[in-house]
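Before any comments, here is the structure.
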Amino acid sequence: MNQLPIFDLHIGPNKWTSVKLDGVANGTMVREIIHVLTQNRLQVCLVKTGKTIPFISSLEFRPLNNNTYVSQSGSLIAVSRVFFSPTPLFIRYDKDIHDRKWIRHLDNENLSISTDLLVRGRLWSWLWVV
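In the UniProt record's numbering, the protein residues as written are 1 to 130.
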C-alpha cells in the first residue's frame, strides 16, 4: 500500500485525537491524555477513518493522585513536554515520579550550550519538583 495510517483515537465513544503519521520524524508519535475514570474500566478504540489499518505499538497507564492535575471539565491533553538536547528523541527522568516522556525540542536555529560544571544555586532547585 505504501501509505502511512491515518486514524482516530477514542476514549470510549468520545473522540480523543486524530493520528496522522505522514511527515512525522521516524514514524514516531506520542499521544498523551489524563483521563479520570467514571467506572473501573477504560476503552481505548482505534477507529479506522480511511483505507489504512490503524495500529499502536504501546499503550501505557499511570495512576495519578486526584490532586496532581485538576480539571473542572474532563480530560486533559498534554500539549508539550520538551527538553533541550541534541539526542535522544525521547527521555524519561529518574526523578520524575510520574514517569513522563519528554521529547527533544527540534529547532535547528537554536544554539546548543553545555557545561561539565556543577550548576548550583536556588534558581535551579525547583527543576526536580516536577
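Every residue, glycine too, gets a C-beta built ideally from N, C-alpha and C.
Item to complete: Please name the residue or residues paired with residue 90 in a DSSP beta bridge.
Response: 103
Fill in: Given residue 65 as reference, the closest of 34, 10 and 51 once Cα atoms are compared
34
Discussion item. Measuring straight from C-alpha to C-alpha, what distance separates residue 10 and residue 68?
Written reply: Going from the Cα of residue 10 to the Cα of residue 68 covers about 23 Å.
Practice prompt. Select from 37, 53 and 102 the residue whose C-alpha is nearest the C-alpha of residue 75.
Written response: 37
Worksheet item: residue 95: beta carbon under 8 Å from a heavy atom of the ligand MN?
Response: Summarising the ligand content, the structure contains no ligands, and the ligand MN is consequently not present.
Practice prompt. Determine the closest residue to residue 5 out of 15, 94 and 56, with distance taken between C-alpha atoms.
Written response: 56
Worksheet item: What is the rounded straight-line gap between the Cα of residue 15 and the Cα of residue 8?
Response: The straight-line gap from Cα to Cα measures roughly 7 Å.
Item to complete: Measure the alpha-carbon distance for residue 117 versus residue 96 and round it to whole angstroms.
Response: 23 Å
Worksheet entry | Among 40, 44, 42 and 84, nearest to residue 105 - alpha-carbon criterion | 84
Worksheet item: How big is the Cα-Cα spacing for residue 3 and residue 52?
Response: 7 Å
Worksheet item: For residue 130, which residues of its own chain have a beta-carbon under 6 Å away from its beta-carbon, when the five flanking residues on both sides are left out?
Response: At residue 130 the pLDDT is 48, less than 50, meaning the model places this residue with poor confidence and gives no usable figure here.
Discussion item. Alpha carbons only, please: which of 62, 119, 17 and 77 is nearest the one belonging to residue 48?
Written reply: 17
Discussion item. In whole angstroms, give me the CA-to-CA distance for residue 91 and residue 102.
Written reply: For residue 91 and residue 102, the gap between their C-alpha atoms comes out near 5 Å.
Discussion item. Based on DSSP bridge pairs, tell me the residues matched to residue 71.
Written reply: For residue 71, which the question treats as bridged, DSSP gives no partner whatsoever.
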